[in-house]
Every structure is written in C-alpha cells, then in structure tokens.
Amino acid sequence: MNKTTKRLLGILLLVSLSLQGLSFYPTRSFGQEDMFTPGRLVYAIHDWSSVENEVFDISTTMKVNCPKHQVTEYYWGVQFVFKNGNIGWFGMTSSCMGVGGGGFIFTICDAISAEPSSEGYLSKNIEPGNGLSCVLPYEWNNGMEYRFTLTKNLPRTTSTRICWSLQAEEIPTSQFIHIGDIFTAPQWDQFYPWSSYFVEYFGPILDCKVMPRGTVTFHPLELTGQTNVPYSEIYITENCKNQTEVSFEKEEKIYIKTGSKY
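Numbering-wise, the numbering used here comes out as the position in the sequence shown, counting from 1, plus 520.
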C-alpha cells in the first residue's frame, strides 16, 4: 500500500471512529453489548496525480438498489479533502440521517456556513471538526441513475469565502435537484490529488449475515467535467468482509454489493 493510500485510509479511519459519537448513532445501553456498527465497508480510492489542470468540480453517477421494505442505514458516497482545509463528502442515503426515508447528504467539516435547499435542512456538529451538512430528504428510485456534481460556485464566491454547490440530476427524467451550498474559507481553493468512493452502514446489527442488502454502481469519477480518474486501489474492510462483493462493469464502472438479507 503506497503512502497516498495509507494517508487517505488514515483520515478515513479517523472519520469512521469519530462517527461513533454522531447523533444518528443509537445510544448504547444495557442489553446492546452484542450489537456493533460495521461502519465503512468498502473504499474505491482515486489517484489524481496525473491531472494537470486545476480542479473546480467533481462529478460522478450512482445507481443504488436497496430493498424498500426493510429499514436500512446505508450511505453511498464520495469523499474528498481540501489541501488547506478539512474533509467533505456527498452522496445517497437510505435512512436520511436516521429520520427515515431516502435522501441526499452534502457535508464539509469546519465550513463557515451552509445553506440547504428549500426542501432540505441544515444539520450542525454531526461530523468531526464542526461539520455542516445540507440534508435533502428525497425518495430516490431504486435502479435509477443520479449524477452528482460538486462545483465551485463562482457567482457566490467572494474574497472572504468560497461557495461549493452540490446538485444531482435524475438521469432518465433530466430533473435537476439542488441539494445545498456550503461556504468555506478562501484558502480552501484546491483539493488533495485523491478521493474515494465509499459504502457505509451506520446502523447497529446483530450479525453480518443478517445485514440488509444494498448494492451500488459507481461510474468513473470526473474532474472539471472531462477527466476520468481511474481507481488506484479497492479496499474492503474486515467489517462484514464475507458479505461484500466488488466487481467491474463496462466503461470502468464499479459494482459493490454489501449485506446478505433481503
């Protein structure tokens, strides 16, 4: 494992451990000693080192299948890091921060402020480093492709802060969904040259063998609308490893299946 991968996994591990204190994690009480939280299950790590141009936006397309009849707490997303700032991520959830129903989430830690869409809400201090999240409850459709684009919003960027906007496009219907704007310090204008896709399960379960099933297809990551970034490494954590499958499809798509119970 190279130094870049180790560094990224170190940050991911720190974030994962910090997540155990978040508001949507159940409070541990007597009788729950045998329960555990698998946390992050899979990382697909991207290496941007060959990208020469400055990156102003990050895009990808996801297609999720997750049984609607069972309660699940999955989060499928993209994680990125600012060179002069903190960490952030965005993606799809099957439990919308523990309040039920599906949704989209966009988070940046140590951000200055955030403005969710009119249909969403702001969640504060739920991530390490004073995280701000724009949460949009949204009943996304199983098997439908959603294209996410994180963009530096130049019209809303000033000398004192940068505006990062996230929107999703429902591919078959061409419907655009604004998820929110998050403002960072002005020096947060560049990304580290790597990122990752991840699959996380944040609900307590008794056994990996009965973890609800979820699948996701990630399209290749795109930077500034044109550069496709390949995977440098696929990392499956030990948590529920026997119930995790990763395979590759045409056009460098990656398919990830986790859990086993329908």
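Backbone N, C-alpha and C define an ideal beta-carbon position, used for all residues, glycine too. Fair warning: this is a prediction, and the values are worked out from it, not measured in the lab.
Contacting residues, own chain, Cβ-Cβ under 7 Å from residue i (five flanking each side not counted)
i, result
"T680", "P706"
"F738", "A564, T580, M582, Y717, K773, I774"
"K781", "V730, M731, P732, R733"
"D709", "I682"
"E635", "G700, D701"
"S767", "Y775"
"G608", "F600, T627, I628, C629"
Among the options, nearest to residue i - alpha-carbon criterion
i, options, result
"K773", "K583, K761, P558", "K583"
"N759", "T737, E769, F722", "F722"
"N493", "H698, T747, V601, M664", "Residue 493 cannot be examined here, being either before or after the span of the chain that is shown, 521 to 782."
"G611", "I725, H566, Y641, F626", "F626"
"R785", "F602, V601, S633, G597", "No information on residue 785 is available, as it lies outside the stretch 521 to 782 that the chain covers here."
"V519", "F600, P558, E689, F696", "Outside the displayed range of the chain (521 to 782) lies residue 519, so it cannot be described from this structure."
"M664", "E689, C728, T678", "E689"
"G779", "K761, S694, P740, K770", "K761"
"S788", "C728, T677, F768", "Residue coverage of the chain in this structure runs from 521 to 782, which leaves residue 788 outside it and unanswerable."
"N573", "E771, T757, G745", "G745"
"P657", "S569, E769, S614", "S614"
"L741", "C728, E771, T757", "E771"
"N604", "E639, E769, I628, P692", "I628"
Cβ-based neighbour list, residue i, same chain, cut-off 6 Å, excluding 5 preceding and 5 following
i, result
"E659", "G622"
"S643", "S653, V655"
"Y755", "Y563"
"N650", "D630"
"D567", "W714, S752"
"T671", "D577, S685"
"C728", "C760, Q763"
"S569", "P713"
Residue i and residue j closer than 7 Å at C-beta
i, j, result
"F711", "C683", "no"
"N606", "D577", "no"
"N662", "N585", "yes"
"F720", "Y641", "The displayed chain sequence assigns Glu, not Phe, to residue 720. No. Outside cutoff."
"L561", "T764", "yes"
"Q695", "T669", "no"
Opening and closing residue of the beta strand (DSSP E) in which residue i lies
i, result
"S643", "641-644"
"D577", "577-585"
"M664", "Careful: M664 lies outside any beta strand (DSSP E) and carries neither H nor E."
"F610", "607-613"
"F738", "734-738"
"E771", "Looking at the DSSP string, E771 is not in any beta strand (DSSP E), and its letter there is neither H nor E."
"L596", "According to the sequence shown, residue 596 is Trp rather than Leu. Note, W596: beta strand (DSSP E), 594-601."
"C629", "623-629"
"T747", "747-749"
"G559", "559-567"
"G651", "651-657"
"E635", "633-636"
"E742", "741-743"
Own chain residues within Cβ distance below 8 Å of residue i, not counting five before or after
i, result
"V571", "P713, L743, T747, V749"
**Study point:** Completely contained beta strand (DSSP E) runs for the stretch 669-726, where each covers 3 or more residues
**Key:** 682-690, 695-704, 714-721
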